[in-house]
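Sequential numbering of the sequence shown, starting at 86, is according to the numbering used here. Just so it is clear, CB atoms sit at the ideal spot from N, CA and C, and this is done for glycine as well. Just so it is clear, the structure is predicted and the values come from calculations on it, not from any experiment. Worksheet for the structure shown next.
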Amino acid sequence: MRIIQVKYPTQIQQRKLGDKVFVMEAIRDLDEAIDLVCEALSDEEKKDPFAEDLCPYFGILWPSSEALSQYLYEHPEIVKDQKILELGSGLGYPSLVASHLGGEVLATDFHPDVEEYFLRNCRHSSVECKYERLNWRESKTDLGPFDLVMGSDVLYESKHPREVAQGLIRFLKPKGRIILSDPGRAYLQPFIHAMNAEGFKESFDSYGIGDKDIFIFVFTRI
């Protein structure tokens with residue numbers, strides 16, 4: 086599947102945590118953006134199963150990302166002076182917060198358009214943070230290990246629970262921790278079971294974001 090160039094209409098969104106204002110450029114309307122992708126693809130390309138990977142879901146500030154960002158801000162000791170990896174960063178709100186709080190953060194995502202938006206949001210928010218395109222399903226041994234590996238709303242396919250568990254653990258230091266935020270998707274419990282099977286225990290908290298209840302799980306090795 087070729088990489089296509091689509092210029093999405095955007096909007097600026099601001100979130101304030103304490104005295105810090107985070108400014109993010111997001112896609113204006115997801116349905117509109119998906120229509121633009123479909124218009125850019127040929128009829129044959131639309132049949133490619135990988136066409137779904139080009140959908141610009143990354144460009145929305147999702148409630149799980151907001152909840153994770155709030156959790157990090159309320160627990161700065163988790164990120165300060167820590168080496169941190171975010172998988173599936175999208176617009177990068179949690180990575181921006183972790184960097185602002187003194188973490189050494191590497192944000193990653195697989196969608197080819199994420200880097201442009203993420204680096205824009207670093208500039209908009211006056212935060213320095215590194216970015217790398219990464220498919221966490223593939224083994225990559227030259228990254229990490231990290232003190233903290235985090236992700237938000239990544240359990241949206243039936244094959245994901247075990248894959249996500251192994252993907253997160255792959256980059257973790259022996260005494261590191263994993264933080265995952267999730268809106269209560271169907272595959273959350275299988276993911277917890279997969280993490281338990283890998284030797285991790287969990288604690289959790291919850292945040293109300295708009296009309297959504299978001300769960301924050303923190304996993305540490307037993």
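Take the alpha-carbon of Leu273 and the one of Met235: they are about 15 Å apart. Taking each of Ser288, Arg306 and Glu287 in turn and checking the Cα distance to Gly261, the smallest one comes out for Arg306. In this chain, the beta strand (DSSP E) harbouring Ala192 covers Glu189 to Asp194. In the three-state scheme derived from DSSP, where H, G and I count as helix and E and B as strand, Ala152 is classed as helix. For Gly293, the enclosing beta strand (DSSP E) starts and ends at Phe285 to Ile294. Judged by DSSP secondary structure, Leu265 falls within the beta strand (DSSP E) whose first and last residues are Leu257 to Asp267. The beta carbon of Ala152 sits closer than 7 Å to those of Ser266, Tyr292, Ile294, Ile299 and Ile301, all from its chain and outside the five residues before and after it, given in chain order. Taken through DSSP and simplified to helix, strand or coil, Asp116 comes out as helix. Residue environment: Gly173 is assigned as buried (16 or more neighbouring CB atoms within 10 Å of its CB, all protein chains considered).
The beta carbon of Arg222 is closer than 8 Å to those of Glu248 and Gly252 in its chain, skipping five residues each way along the sequence. In the three-state scheme derived from DSSP, where H, G and I count as helix and E and B as strand, Gln274 is classed as helix. If you look at Arg306, you'll find it in the beta strand (DSSP E) that goes Lys297 to Arg306.
Residues of the same chain with a CB within less than 7 Å of the CB of Leu146, apart from the 5 flanking positions on each side, are Gln98, Met109, Ala111, Leu176 and Tyr178 in chain order. A residue is called buried when at least 16 other Cβ atoms come within 10 angstroms of its Cβ; His278 does not meet this threshold and is exposed. Contact between Pro268 and Asp238 is confirmed by a C-beta separation of about 6 Å, below the 8 Å threshold. Straight-line spacing of the CA atoms in Gly188 and Glu129 works out to 44 Å. Straight through space, the alpha carbons of Val182 and Ser211 are spaced by roughly 11 Å. The straight-line gap separating the alpha-carbon atoms of Lys168 and Phe231 is approximately 5 Å.
Of the candidates Val91, Arg205 and Pro161, the residue whose Cα lies closest to the Cα of Phe107 is Arg205.
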